[in-house]
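A quick write-up on the structure given underneath.
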Amino acid sequence: MVQNYHDLAGGNYTIVVGGDGASGDYTLTAILNADVELPAANDSPQHAQSLEDAFQTQGSGAQRGAVLGGLDMPSSVLFSDDFSSGSFLPSLWSLVENATIDGVGLNEPSEPFSARLNGYPTGGDRLETVAIDLSGAVDPVLAYSFEQGGGGEQP
136 MVQNYHDLAG GNYTIVVGGD GASGDYTLTA ILNADVELPA ANDSPQHAQS LEDAFQTQGS
196 GAQRGAVLGG LDMPSSVLFS DDFSSGSFLP SLWSLVENAT IDGVGLNEPS EPFSARLNGY
256 PTGGDRLETV AIDLSGAVDP VLAYSFEQGG GGEQP
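As structure tokens, then:
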């Protein structure tokens, strides 16, 4: 990873990426006016990456800092359903009441299918997962997507 080219003169620049005769894929990401967090070896306060180089002096002595970072993805996924089977699988869902799977959602992450919870507009729709064992998980994360309306009727 190459970081922090400061005080470059105005104009056009070309970034060239090439191999040493080996085959394979390359990934190039160029981010202007920000530092990028280094890999996870610096994820404790005593080993934190210095942000000093991320700051640039602006007019009147003010400084601006920008850093791009992120969280590591979980090492294992304990539960996931993209609804591609067209039915709620008993191995994933212990209770299904008035919910359906269809393809009328808009931009859903499990495209083209999603679970629809408006088959019973007075509040009787319900989905429950099977029990998910988190006893050995460290800092587990729950992520889900919800879209009110979609391509169906508004709830």
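Going by the working numbering, the first residue of the sequence shown is number 136, and it counts up by one from there. Beta carbons are placed, not taken as given, at the ideal position from N, Cα and C, and that holds for glycine. All values reported here derive from a predicted model rather than from experimental measurement.
**OP:** Have a look at G194 and G146 and give me their C-alpha separation to the nearest angstrom.
**Re:** Position 59 of the sequence shown, counted from the start, is the residue given in the question as residue 194. Position 11 of the sequence shown, counted from the start, is the residue given in the question as residue 146. Their Cα atoms are separated by approximately 21 Å.
Original post:
Leaving out the 5 sequence neighbours to the left and right, which residues in its chain are closer than 7 Å to V231 when beta-carbon positions are compared?
Top reply: Locating residue 231 in the sequence shown gives position 96, counting from the first residue. Hits under 7 Å: F223, L262.
Subject >> Close-in-space but distant-in-sequence residues of the same chain around S219 (CB under 7 Å, 5 per side omitted) >> reply: Working through the sequence shown from its first residue, we reach residue 219 at position 84. So the list reads F248, once near-sequence residues are dropped.
Original post:
Once you ignore the five residues that flank L227 on each side, which residues in its own chain have a CB closer than 8 Å to its CB?
Top reply: By one-based count along the sequence shown, residue 227 stands at place 92. Same-chain partners within the cutoff: F214, D216, T264, V265.
Subject >> E243 classed as buried or exposed, judged by whether at least 16 other C-beta atoms fall within 10 angstroms >> reply: To locate residue 243, count along the sequence shown from 1; it is residue 108. It counts as buried.
Original post:
Quick one: what does DSSP say S280 is sitting in, helix, strand or coil?
Top reply: Your numbering for residue 280 matches position 145 in the sequence shown. Coil, per DSSP.
Original post:
What do you get for G271, buried or exposed, if any count of 16 or more other CB atoms within 10 angstroms of its CB means buried?
Top reply: The sequence position of residue 271 within the sequence shown is 136, counting from 1. Exposed is the call here.
**OP:** Would you mind listing the alpha helix (DSSP H) stretches within the stretch 238-274 that are 4+ residues and don't spill past its ends, in chain order?
**Re:** none
**OP:** Can you tell me which of V276, G259, V212, G238 puts its alpha carbon nearest to the alpha carbon of G96?
**Re:** The structure shown does not extend to residue 96, since the chain is modelled only from 136 through 290, so no value can be given for it.
**OP:** Starting from L230, follow its DSSP beta bridges and name the residues at the other end.
**Re:** Residue mapping note: residue 230 aligns to position 95 of the sequence shown, counting from 1. DSSP output for L230 lists E263 as bridge partner(s).
Original post:
Excluding the five sequence neighbours on either side, which residues of its own chain have a C-beta within less than 7 Å of the C-beta of S229, listed in chain order?
Top reply: Translated into positions along the sequence shown, residue 229 becomes position 94. Once the five neighbours on either side are set aside, the close Cβ partners of S229 are E263, T264, V265.
Subject >> chain C contact for L227 (CB, 8 Å cutoff) >> reply: You won't find chain C in this structure, because it holds only one protein chain.
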